[in-house]
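So the sequence lines, in the order shown, correspond to chains A and B.
Each residue of the first sequence is one higher than the one before, starting from 1 at the first, in our numbering.
Each residue of the second sequence is one higher than the one before, starting from 223 at the first, in our numbering.
2 protein chains.
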Amino acid sequence: MSVRTIEVREPVMARNNEYAAEVRRRLDAARVTAFNFVSSPGSGKTMLLERTVRDLGAELPIAVITGDVQTQNDADRLAVHTNRLVQAVVTGGACHLDALQVLTSLDAIDLDATRLLFIENVGNLVCPANWDLGELAKIVLFTVTEGEDKPLKYPKMFQNARYAVLTKTDLLPYVPFDVDLAIANAHRINPELQFLQLSATTGAGLTGWFDFLRGAVPAPVA
Amino acid sequence: MSVRTIEVREPVMARNNEYAAEVRRRLDAARVTAFNFVSSPGSGKTMLLERTVRDLGAELPIAVITGDVQTQNDADRLAVHTNRLVQAVVTGGACHLDALQVLTSLDAIDLDATRLLFIENVGNLVCPANWDLGELAKIVLFTVTEGEDKPLKYPKMFQNARYAVLTKTDLLPYVPFDVDLAIANAHRINPELQFLQLSATTGAGLTGWFDFLRGAVPAPVA
Chain A
1 MSVRTIEVRE
11 PVMARNNEYA
21 AEVRRRLDAA
31 RVTAFNFVSS
41 PGSGKTMLLE
51 RTVRDLGAEL
61 PIAVITGDVQ
71 TQNDADRLAV
81 HTNRLVQAVV
91 TGGACHLDAL
101 QVLTSLDAID
111 LDATRLLFIE
121 NVGNLVCPAN
131 WDLGELAKIV
141 LFTVTEGEDK
151 PLKYPKMFQN
161 ARYAVLTKTD
171 LLPYVPFDVD
181 LAIANAHRIN
191 PELQFLQLSA
201 TTGAGLTGWF
211 DFLRGAVPAP
221 VA
Chain B
223 MSVRTIEVRE
233 PVMARNNEYA
243 AEVRRRLDAA
253 RVTAFNFVSS
263 PGSGKTMLLE
273 RTVRDLGAEL
283 PIAVITGDVQ
293 TQNDADRLAV
303 HTNRLVQAVV
313 TGGACHLDAL
323 QVLTSLDAID
333 LDATRLLFIE
343 NVGNLVCPAN
353 WDLGELAKIV
363 LFTVTEGEDK
373 PLKYPKMFQN
383 ARYAVLTKTD
393 LLPYVPFDVD
403 LAIANAHRIN
413 PELQFLQLSA
423 TTGAGLTGWF
433 DFLRGAVPAP
443 VA
């Protein structure tokens, strides 16, 4: 069965990569920094984005594209915190976003008035790993309740991400989770992976997260 | 792009369903009860199976088929607790098990000496939903750290499961999770879904889980 799937996947992936290149050209032209948020379901992608849009959105204009299998709940949650566009993409069963969906979404976003674009992918540690959406980098969220072995079990995702955010650190006192072991496991897969740690619930680590985002955004053209 | 994918998926799914029917015939003939464990990564499927194999395995002979994308870590964890076979299936990147993998695994299992078969699927709330593996029922694990909205966001999985196990209930004091709301959301998607609640860490709820399993297994032929 796998052979029949691969025959179709290669041309589909090639077309995806052309769309991703076009997304990247448009973002570069407008000097927009884009991150592709990937993780398991329930790792806190939307909650971190809520805090980020609310607390950093006045300083850095932020647009968001949310991908979801069936609903637009995440987009609705985010829209409460901003007057800027939150573009919902319902994949209709597909387990990841593709670059054509992102490219189409860009038409609805005022890129010249945007500094930072978050693409919130479908909650899934397998499917989104190999899909380039035209982002600067993938950020994988990794929750302290998930177990230290996740980078070893889902290596493609941790290989293809440039940054990892350890979330829900407020729960560390209550779970048997060894942060050093989790990071070491991730570095076995991807030695370049850079970690941030935070809790969107308590706010711990958010200052570092916001500083990271400020540093990722180029200065506006004078 | 989706059209090209669907052309391939339909015959692949039809073949899968034939294999699933063959799995079901063989399990029925041997009076083996099989459950397909599905959930997000890190929801505690392996840990619950560890406790189940260790504490119930002497009373009810249990075999396990674990599916994983790249590793056989889960099978190794389980093998510590039993002398019986733990069959690891590495999907090599695929985001779910299929029935042919299960059918092939059955050849390695002494079905006549088995009462209960757990198929631990890949950690993924999207892909495994539509794949019949020949099981009696899907059991979806749902962790209290994931947010009450998961049934609404991943409805196919909750539609196609007959049972849901709410896991890591020991963390309820530390997370903003409303159990009644989570169950109500799940019942909006699937009114017949039956819930169990437990913590494999503290052991709370395990007696109910074991009783459920005892009730699901037919009496041995005299």
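Ideal placement from N, C-alpha and C gives every residue a C-beta, glycine not left out.
According to DSSP, which residues form a beta bridge with residue i?
i	result
residue 64 (chain A)	A:86 and A:118
residue 360 (chain B)	B:258
residue 164 (chain A)	A:140 and A:195
Give the interface partners of residue i over in chain B, defined as CB-CB distance under 8 angstroms, in chain order.
i	result
residue 40 (chain A)	262, 263, 264 and 345
For residue i versus residue j, is the C-beta spacing smaller than 8 angstroms?
i	j	result
residue 116 (chain A)	residue 213 (chain A)	yes
residue 154 (chain A)	residue 179 (chain A)	no
residue 69 (chain A)	residue 79 (chain A)	no
residue 121 (chain A)	residue 36 (chain A)	yes
residue 44 (chain A)	residue 161 (chain A)	no
residue 438 (chain B)	residue 357 (chain B)	no
residue 65 (chain A)	residue 119 (chain A)	yes
residue 345 (chain B)	residue 264 (chain B)	yes
residue 196 (chain A)	residue 169 (chain A)	no
residue 248 (chain B)	residue 355 (chain B)	no
residue 48 (chain A)	residue 167 (chain A)	yes
residue 82 (chain A)	residue 38 (chain A)	no
residue 164 (chain A)	residue 137 (chain A)	no
residue 23 (chain A)	residue 99 (chain A)	yes
residue 149 (chain A)	residue 295 (chain B)	yes
residue 84 (chain A)	residue 63 (chain A)	yes
residue 61 (chain A)	residue 29 (chain A)	no
residue 262 (chain B)	residue 414 (chain B)	no
Kindly say whether residue i, judged by its beta-carbon, lies nearer than 8 angstroms to any beta-carbon of chain B.
i	result
residue 45 (chain A)	no
residue 155 (chain A)	yes
residue 18 (chain A)	no
Anything in chain B within Cβ reach of residue i, meaning under 7 angstroms, just list it in chain order.
i	result
residue 128 (chain A)	Those within 7 angstroms of residue 128 (chain A) in chain B number zero; the least Cβ separation is about 10 angstroms.
Ends of the beta strand (DSSP E) at residue i?
i	result
residue 378 (chain B)	Premise fails: residue 378 (chain B) lies in the alpha helix (DSSP H), 377–382, not in any beta strand (DSSP E).
Counting contacts by CB-CB distance shorter than 8 angstroms, is residue i in contact with chain A?
i	result
residue 292 (chain B)	yes
residue 374 (chain B)	yes
residue 396 (chain B)	yes
Going along chain A in order, which residues have a C-beta closer than 7 angstroms to the C-beta of residue i?
i	result
residue 371 (chain B)	73
Output, in chain order, the set of chain A residues within a Cβ distance shorter than 8 angstroms of residue i.
i	result
residue 367 (chain B)	42, 143, 145, 168 and 171
Over what stretch of residues does the alpha helix (DSSP H) that includes residue i continue unbroken?
i	result
residue 195 (chain A)	Run containing residue 195 (chain A): none in the alpha helix (DSSP H); it sits in the beta strand (DSSP E), 194–197.
residue 408 (chain B)	401–411
residue 50 (chain A)	45–56
residue 215 (chain A)	206–216
residue 295 (chain B)	295–301
residue 102 (chain A)	99–106
Does any residue of chain C bring its CB to less than 8 angstroms from the CB of residue i?
i	result
residue 423 (chain B)	Of the protein chains in this structure, namely A and B, none is chain C.
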